[in-house]
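Step one of this worksheet: look at the structure below.
Residue numbers (my numbering): 117 to 508.
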């Protein structure tokens, strides 16, 4: 009886979440995009040059694609969908699009990317909603903002609700904001393998400030530093003991530590948590003389308290890294990282597509199941076979 009731409640929650998300998409598309009779046709035609071979795609075509992405969100959304696809044809087109966009991007105009990391329930989405509204409505009336939300995917079905947009109702309706949920597709590092490509497209589309929200797996989210220019770690009041501050991982790449939910009955707990993290920052290694340790701040996404101070620290950090050259140095390091990351992905696909290697792998898996071989020895045998296949 209890099990049946639990399943019924879960089903109702899923249906309600789906209905809410559909309403958000519907209202957002009608309120922020100029919908004409030929909008869909135009968006589909934007990427038509990519159907041709790389050699026949001109610089003019690429400029038209970039210009279209800057004018229409639907064009940018379609380009991102192309990048996220696992279809071989779409991957080839996506590689072509990214290569041309990066080659012809205005080097003098680069967006500032901020990563929001933290454990589930820390209030990351609510914080982004409040901070985004503050920046767009009170601080800069011309700035364009993009938000890329990485949603967790099911380990069983591979599906994702993509529901983070429902927590950013007002921001997703803003005419100068673009909110895009993306599935993690089982990646545990808090980011998907194409997150950097999605952010690059948003930058090429003319967005000045880009926020990347990770899946929310706590200390395993260190990969976020390979996509953004600065990382903000969001923690909850009394979210862990003092030892959390000295653990390796996400804390080492955090440029700002923000204690969220500093309001109401949690205010005192938030102040205590702030002091704990502030004391722990003395163990951190300094990456820049101008920014020796990450500041620890208090904020409330609900009341808006602390958002001004947070934005001031973000602006201060941005000014420092642009002046001392750390910004460009980090972008170059990130490009190297993603080159090797994509290389590993391509090698994996190549290996899995080889019939002989697949057959050998199946035999080795059977040997592992029977206890006739150790995993390390099986991996060595498979590696030797792959090495020989590359030499042929």
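Note that CB positions come from ideal geometry on N, CA and C, so glycine has one too. As the structure is a computational prediction, the values presented were derived from the model and not from experiment.
Candidates 341, 238, 392: which alpha carbon is nearest residue 369's?
Closest option to residue 369, Cα to Cα, is 341.
Compare the Cα-Cα distances from residue 331 to each of 374, 292, 389, 264 and report the closest residue.
Closest by C-alpha distance to residue 331, out of 374, 292, 389, 264, is 264.
Please state the DSSP three-state secondary structure of residue 261.
It is a strand residue.
Can you tell me whether DSSP reads residue 320 as helix, strand or coil?
Note: residue 320 maps to helix in three-state DSSP.
Which residues in the same chain have their Cβ closer than 7 Å to the Cβ of residue 206, if we skip the five residues on either side of it in sequence?
When the five nearest sequence neighbours on each side are left out, the beta carbons in the same chain lying within less than 7 Å of the beta carbon of residue 206 are those of 198, in order along the chain.
Sequence-distant residues of the same chain with beta carbon closer than 7 Å to residue 240, five excluded per side
Excluding positions up to five away in sequence, the list reads 232, 234, 329, 332, 350.
To the nearest whole angstrom, what separates the beta carbons of residue 446 and residue 379, a pair I think is in contact under 8 Å?
In this structure, residue 446 and residue 379 do not form a Cβ contact; the two beta carbons are roughly 34 Å apart against a cut-off of 8 Å.
Starting from residue 404, follow its DSSP beta bridges and name the residues at the other end.
For residue 404, the beta-bridge partners assigned by DSSP are 407.
Whole angstroms is fine: what's the gap from residue 286's alpha carbon to residue 192's?
Residue 286 and residue 192 have their C-alpha atoms some 20 Å from each other.
Can you tell which of 395, 417, 249 has its C-alpha closest to the C-alpha of residue 382?
It is 417.
Tell me, which residues are paired with residue 228 by DSSP?
By DSSP's assignment, residue 228 forms a beta bridge with 325.
State the DSSP-derived secondary structure class of residue 346, mapped to helix, strand or coil.
Strand.
Helix, strand or coil: which one does DSSP assign to residue 491?
If DSSP states are grouped into helix, strand and coil, residue 491 belongs with the helices.
Residue 246 classed as buried or exposed, judged by whether at least 16 other C-beta atoms fall within 10 angstroms:
By the beta-carbon neighbour count (other beta carbons within 10 angstroms, threshold 16), residue 246 is buried.
State the Cα-Cα distance for the pair residue 290 and residue 503, rounded to the nearest angstrom.
Whole-angstrom Cα-Cα distance: 53 Å.
What span of residues does the beta strand (DSSP E) with residue 375 cover, start to end?
Counted as a single uninterrupted DSSP element, the beta strand (DSSP E) harbouring residue 375 occupies residues 372 to 375.
Measure how close the beta-carbons of residue 397 and residue 409 come, nearest whole angstrom, since I'm counting them as under 8 Å.
Between residue 409 and residue 397 the Cβ distance is about 4 Å, and since that is below 8 Å, they are a contact.
Three-state secondary structure (DSSP) at residue 416?
Secondary structure of residue 416 (DSSP, three-state): coil.
Are residue 195 and residue 252 close, meaning C-beta to C-beta below 8 Å?
The criterion of a C-beta distance shorter than 8 Å is not satisfied by residue 195 and residue 252.
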